[in-house]
Amino acid sequence: MAAVPRTLLEKIWDEHEVIAESADAPAVLYIDLHLIHEVTSPQAFAVLGERGLAVRRPELTLATLDHSTPTRTEQIFGGAPIAIESAAQQIRALERNCALFGVELLGLKSAERGIVHVIGPELGATQPGKTIVCGDSHTSTHGALGALAFGIGTTEVGHVLATQSLLQRKPKSLAVNIDHRLQSGVTAKDLILWIISRIGVSGGTGHVIEYRGAGVSALDMDERMTVCNMSIEAGARAGMIAPDETTYAYLAGRSRVPQGPQWEEALARWRTLPSDAGARFDREVEIDAADVEPMITYGTNPGMVMPIGGSIPQMSHDAAFDAALAYMGFEAGARLKDQEVNVVFLGSCTNGRLSDLRAAASILRGRKIAAGVQMLVVPGSQAVKRAAEAEGLHSVFTAAGAEWRESGCSMCLGMNGDLVAKGQYSLSTSNRNFEGRQGVGARTLLASPLTAAASAVRGRVTDPREILN
Amino acid sequence: MEPIRTLRSRTVVLSAANIDTDQIIPARFLRTTTRDGLGEHLFADWRYDANGAPREDFILNSAAARDCRILVAGRNFGCGSSREHAPWALLDYGFRAVISMQIADIFKSNALKNGLLPVIVDAATSGWLIEHPGAEVRIDLPTATLMLPTGAVISFPLETFARKLLVNGIDELGFLIGHDAEIGAFERRRTTA
Chain A
3 MAAVPRTLLE KIWDEHEVIA ESADAPAVLY IDLHLIHEVT SPQAFAVLGE RGLAVRRPEL
63 TLATLDHSTP TRTEQIFGGA PIAIESAAQQ IRALERNCAL FGVELLGLKS AERGIVHVIG
123 PELGATQPGK TIVCGDSHTS THGALGALAF GIGTTEVGHV LATQSLLQRK PKSLAVNIDH
183 RLQSGVTAKD LILWIISRIG VSGGTGHVIE YRGAGVSALD MDERMTVCNM SIEAGARAGM
243 IAPDETTYAY LAGRSRVPQG PQWEEALARW RTLPSDAGAR FDREVEIDAA DVEPMITYGT
303 NPGMVMPIGG SIPQMSHDAA FDAALAYMGF EAGARLKDQE VNVVFLGSCT NGRLSDLRAA
363 ASILRGRKIA AGVQMLVVPG SQAVKRAAEA EGLHSVFTAA GAEWRESGCS MCLGMNGDLV
423 AKGQYSLSTS NRNFEGRQGV GARTLLASPL TAAASAVRGR VTDPREILN
Chain B
963 MEPIRTLRSR TVVLSAANID TDQIIPARFL RTTTRDGLGE HLFADWRYDA NGAPREDFIL
1023 NSAAARDCRI LVAGRNFGCG SSREHAPWAL LDYGFRAVIS MQIADIFKSN ALKNGLLPVI
1083 VDAATSGWLI EHPGAEVRID LPTATLMLPT GAVISFPLET FARKLLVNGI DELGFLIGHD
1143 AEIGAFERRR TTA
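Listed in order, the protein sequences are those of chains A and B. According to our numbering, the first sequence holds residues 3 to 471 in order. According to our numbering, the second sequence holds residues 963 to 1155 in order.
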């Protein structure tokens, strides 16, 4: 008798149930990889200390510094003090906790340090079929490699440190079927913003999204990570893409993947993961990648988004919508094309990978950013930084007038002091345009690295296809 | 965690949809290594002006909001970041429950672990609550019901397991540690497979 067809999510879930869920209690779900950082871990380590508990599997735990960590070279390597004392205290707390509990830390000067969601895949620690958690909502990024990866709170960070397990109800599944390919000048960032515009900022609540179809197969790994990264912006705790030859080629040879015969064994296991033909999803949504255009947000959540040539919709009797436009200084019906831009941020776990920097550099090469525009380029990891420098991308950015920094979350949420001033317009490749996210009163426009670079050159919101073509 | 069986309070209403965790507690207040004192910064950018003075037009600064322990919010409350500082800030301020048509997954999970009740209600109930700020309502945990001053009794979804932990003030960590033997057996099974 044939087995019941299962989804990728179901296969990983079933494989990790220590105790199956019942009407009385959620499942005890085993976690294969626990990533931690300086902001959401100190209170969890404190609970372990108070209760006299050890970290159950330190070898399945990996720590790095990214959220409140400086991006100025002199503060990382030059012996200058970390400018914000509370950030320095968080960094020292993580250093202390990792030493005390035997957890590996990719510390301030480590060549492997970077944004937690950039380094996991980069090191090959993120692998198909794994359960991966981190005290950060953009943990959904790792699903691009066929893992079940989701963000957790600090209490749950403590649970995983102490027991390598979590109490979880099995989420519902949402298939986002993507047909055809993206057009030239249109990126994975535009695709995920387009998807969010279709399903809404809470459309994925209670669900794990599996992105499927020809439009997904055609994406490279960096692009897949950009898409899965913003699943949480649609309300879905996790986004996933079945592993395929693109995934295996990306992982081959990375430092933390199995080597030799064990690589072959892992490959054989990973090939069984994709959803079976006939597997049922709780919901399905159809997307045509060929329809997608460069996108830009106009409001204060990622669902307030439109094609870059479009105009802001009219919404009657919606006070929150009006408040969002008032915050942004926009009016319904207005176009954003040629809107003035003051700051451009290229980086983050959404768009801080090498291909993102290459895309922006393809526009900035031989050009200057407009007078009065500040542009910050923050690589997603130290490895991305080195690779970009080896190709000379840093010279492209600095010659254009942009600042080239050390890796970290930086201006995505401004915890390290990389902030946008009140009232300024920031064209940002990050993931959230929430009020005050990049600084009190800052106005964020989310878009792709291509749009960011094109807009930096003109000093105004610019469709990158105008420069590329 | 403080046990909680019933909660009776007037409500405060923030009717906007999609109130994200960056509004509940802006990122600059996350540079802390404890969970204490976050209530002071709850909704900081809505609550205080540029000089740090309370904004008169913000509901939490009004006399009517004093001692209210139940927040009524528009749909998709708590979307965005996984920061547990959001429920910590709400609790430290004095809230014990949030009522909304929809509450974001990670926020809901974090809230439950700290004894902040996520109460999800239908559109009609949410609409009534939003139109009647300051209404005196009662939440009964053992029956998972919300009582309006109209006498209406509304059930809300809260699974038995979560209810049991909240009513008894037990945290999940003790429960997980209680399954140490099964976790160990699972680990041995996987390494030998």
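By construction, the Cβ of each residue, glycine as well, lies at the ideal position given by its N, Cα and C atoms.
Not a single CB atom of chain A sits nearer than 8 Å to the CB of L1053 (chain B). Interface flag for H36 (chain A) against chain B is unset, since no Cβ pair is found closer than 8 Å.
Counted as a single uninterrupted DSSP element, the stretch harbouring K387 (chain A) is not any beta strand (DSSP E) but the alpha helix (DSSP H) occupying residues Q384 to A392. For the region 967-996 of chain B, the residues whose beta carbon sits under 8 Å from a beta carbon of chain A are, in order, S977, A978, A979, N980, D982, D984, Q985, P988, A989, R990, L992, R993, T994, T995 and T996. Distance check between V162 (chain A) and each of A:M242, A:R94 and A:P60 places A:P60 closest, using alpha-carbon atoms only. Taken atom to atom, the span from the alpha-carbon of T73 (chain A) to that of V57 (chain A) is near 30 Å. In the structure shown, R98 (chain A) adopts helical secondary structure according to DSSP, grouped into three states. Chain A has a Cβ within less than 8 Å of the Cβ of L1138 (chain B). Secondary-structure assignment with DSSP links P1016 (chain B) through a beta bridge to B:Y1010. Using a CB distance cut-off of 8 Å, Y32 (chain A) counts as an interface residue toward chain B.
Only buried fits S432 (chain A), as 16 or more other CB atoms lie within 10 angstroms of its CB.
DSSP places Y329 (chain A) in the uninterrupted alpha helix (DSSP H) bounded by A321 to M330. C1030 (chain B) is outside the set of residues whose beta carbon lies under 8 Å from a beta carbon in chain A. Not a single CB atom of chain B sits nearer than 8 Å to the CB of H39 (chain A).
Beta-carbon to beta-carbon, I987 (chain B) and R1058 (chain B) are separated by about 17 Å, too far to satisfy the 8 Å threshold. The shortest C-alpha to C-alpha distance from F1020 (chain B) to any of B:I1032, B:D1007 and B:N1013 is the one to B:D1007. Among the residues facing chain A, G1042 (chain B) is included, as its CB has a counterpart in that chain under 8 Å away. Straight-line spacing of the CA atoms in R1017 (chain B) and A1026 (chain B) works out to 15 Å. Counting along the chain, V210 (chain A) sits inside no alpha helix (DSSP H); it lies in the beta strand (DSSP E) bounded by residues H209 to R214. Counting every other CB atom within 10 Å of its CB across the protein chains shown gives I1132 (chain B) a total below 16, marking it as exposed. Assignment of beta-bridge partners to S1062 (chain B) by DSSP yields B:I1082. No Cβ of chain A is located within less than 8 Å of the beta carbon of T1153 (chain B).
DSSP places Q77 (chain A) in the helix class (H, G or I) of the three-state scheme. Runs of the alpha helix (DSSP H) lying entirely within the region 289-372 of chain A and spanning at least 4 residues, in chain order: 321-330, 350-353 and 356-366. Proximity of S257 (chain A) to chain B, defined by a Cβ-Cβ separation below 8 Å, is not satisfied. For S88 (chain A) and G160 (chain A), the gap between their C-alpha atoms comes out near 22 Å.
Pairwise C-beta distances place the region 147-155 of chain A out of contact with the region 381-394 of chain A, as fewer than three of them are shorter than 8 Å. Looking only at B:L1074, B:V975, B:G1113 and B:I981, the smallest Cα-Cα distance to S1043 (chain B) is reached by B:I981. If you draw a straight line from the Cα of R8 (chain A) to the Cα of R1152 (chain B), it comes to about 21 Å.
Here A251 (chain A) is exposed. Its C-beta has fewer than 16 other C-beta atoms within 10 Å. For the region 389-404 of chain A, the set of positions with a beta-carbon nearer than 8 Å to some beta-carbon of chain B is empty. DSSP, read as helix, strand or coil, puts C1030 (chain B) in coil. In terms of CA proximity to F1005 (chain B), B:H1047 leads the group B:H1047, B:T973 and B:T996. For L64 (chain A), the uninterrupted beta strand (DSSP E) segment begins and ends at T63 to T66.
Taking a 10 Å sphere around the C-beta of S318 (chain A), we find fewer than 16 other C-beta atoms and assign the residue as exposed. Here L10 (chain A) is near S277 (chain A), since their CB atoms are less than 8 Å apart.
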